[in-house]
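As you go down the protein sequences, you meet chains A and B in turn.
Mapping of the first sequence onto the numbering used here: residues 1 to 142, in sequence order.
Mapping of the second sequence onto the numbering used here: residues 1 to 142, in sequence order.
Every residue gets a Cβ at the ideal spot worked out from N, C-alpha and C, and that includes glycine.
Protein chains: 2
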Amino acid sequence: MITEFTKTVSGSGVKLTPQRMAILDCLNGNESHPSAEEIFRHVSQTYPMMSFATVYNTLSMLRDKGLVLELTIDPARKRYDPNVKLHHHVICLGCGKIADVHAEYELDVPADIAEAFVMSGNHVEFYGTCRACGNAAQLKGE
Amino acid sequence: MITEFTKTVSGSGVKLTPQRMAILDCLNGNESHPSAEEIFRHVSQTYPMMSFATVYNTLSMLRDKGLVLELTIDPARKRYDPNVKLHHHVICLGCGKIADVHAEYELDVPADIAEAFVMSGNHVEFYGTCRACGNAAQLKGE
DNA sequence: ATTTAGGTTTAGAATCATTCTTGACAAATA
DNA sequence: TATTTGTCAAGAATGATTCTAAACCTAAAT
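Next comes the structure, spelled out in structure tokens:
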């Protein structure tokens with residue numbers, strides 16, 4: 001079944017290939033903020049000949065076309081989010097799980113910054129501990 | 001001259017060494033948000049025997065003690081900020097320059113997130129184009 | 001049917017940032 | 001002095017990401 005996401009990508013002047021469709025299917029509606037490696041592992045199950053380079057190429061292409069967000073909130077690796085509508089994120093400092101924060105904030109910058117930069121966007125990173133990690137810490141008596 | 005920053009670090013139970021003092025001096029009051037490599041290059045001028053590992057060790061130690069911030073805003077590398085007071089950052093998408101954004105924002109998270117995470121902090125990333133890069137783009141007729 | 005041209009994929013090498021390991025060393029302690 | 005503890009240097013190792021070169025696919029042109 002062809003998803004809306006696949007249609008969107010296809011409609012933006014990109015050639016569709018089985019590999020790309022598999023990557024798009026993996027991303028479509030995916031709220032787990034997967035890394036390139038997780039996407040590679042997932043699509044490899046269907047296409048064992050899939051190359052890591054194809055995953056990176058496709059993700060870079062999607063990022064350049066504004067069809068996925070490349071998140072830097074995880075210091076260890078980039079994470080990808082097919083939801084490009086304005087939203088923010090929280091990362092668990094224990095396990096690295098990332099969740100969406102659907103909220104809008106008034107974020108006016110001070111005058112000195114407004115003069116020195118033409119602003120094009122912003123993103124709020126929240127740091128916290130998820131339920132699972134909090135419970136685990138309690139069990140260990142912390 | 002011994003800076004306040006050096007005294008703070010020294011007072012937090014770590015041994016002071018010439019290498020560490022050089023790194024602290026490099027960081028003290030530094031608002032350029034240097035990368036590990038930039039710090040290494042700088043302190044190497046004074047101490048050519050300085051090892052990259054020492055820079056990373058020292059930065060990790062300072063980060064663990066809460067004496068520097070490790071910024072993930074630059075997708076290419078980590079940046080360090082000796083100013084640990086609450087503030088945010090803007091990065092120039094052209095040249096990667098990072099500037100401080102001294103502002104406080106009301107950032108309450110939605111109920112579903114507040115239930116799923118114990119929040120410990122947040123950070124706003126602004127994306128923009130600095131004067132220099134904006135002018136350069138104009139010269140090229142963009 | 002063949003050729004050509006362009007973009008795509010693959011596999012692996014290369015790169016870059018970062019972490020790890022090991023042995024030497026130095027100050028602090030016994 | 002001997003021991004402990006923490007630090008340092010050098011380089012190896014790791015891991016994410018990018019690059020390269022050759023093979024591949026598809027569509028258009030012959």
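For residue j and residue i, the rounded distance between their alpha carbons
| i | j | result |
| --- | --- | --- |
| A:A22 | A:S44 | 9 Å |
| B:L16 | B:Y47 | 15 Å |
| B:D64 | A:Y56 | 32 Å |
| A:R41 | A:V124 | 29 Å |
| A:L27 | A:L93 | 24 Å |
| B:D81 | B:E31 | 7 Å |
| A:G29 | A:L139 | 34 Å |
| B:E4 | A:A116 | 30 Å |
| A:A99 | A:A137 | 20 Å |
| B:M49 | B:E37 | 15 Å |
| A:E70 | B:V109 | 22 Å |
| A:A103 | B:L24 | 39 Å |
| A:R131 | A:S35 | 22 Å |
| B:N135 | A:A114 | 16 Å |
Supposed contact pair residue j and residue i - C-beta distance, whole angstroms, cut 8 Å
| i | j | result |
| --- | --- | --- |
| A:V84 | A:L67 | 7 Å |
| A:S120 | B:G128 | 5 Å |
| A:V14 | A:M61 | 7 Å |
Partner residues on chain B for residue i, Cβ-Cβ distance less than 9 Å
| i | result |
| --- | --- |
| A:C95 | Those do not exist, as A:C95 stays about 11 Å from chain B at its closest Cβ, beyond 9 Å. |
Beta-carbon contacts of residue i that lie in its chain and below 7 Å, excluding the five residues immediately before and after
| i | result |
| --- | --- |
| B:Y105 | V124 |
| A:T54 | Q19 |
Neighbour list for residue i in chain A, Cβ cutoff strictly below 9 Å
| i | result |
| --- | --- |
| B:A99 | D112, I113, A116, F117 |
| B:G134 | F117, V118 |
Close beta carbons around residue i, own chain, < 6 Å, minus the five adjacent residues each side
| i | result |
| --- | --- |
| A:I73 | H89, I91, E125 |
| A:R20 | T58 |
| A:F52 | F40 |
| A:K78 | E70 |
Contact set for residue i: own chain, Cβ-Cβ below 8 Å, skip 5 residues either direction
| i | result |
| --- | --- |
| B:V101 | H87, H88, H89, V90, V124, F126 |
| B:G96 | D74, A76 |
| A:T8 | L67 |
Beta-carbon neighbours of residue i, restricted to chain A and to distances below 8 Å
| i | result |
| --- | --- |
| B:C92 | F117 |
Residues, ordered as in the chain, of the stretch 62-82 of chain B that lie near chain A by beta-carbon distance below 9 Å: E70, T72, I73, D74, P75, K78
Residues, ordered as in the chain, of the stretch 103-130 of chain A that lie near chain B by beta-carbon distance below 7 Å: A103, Y105, L107, V109, P110, I113, A116, F117, V118, M119, S120, G121, N122, H123, V124, E125, F126, Y127, G128, T129, C130
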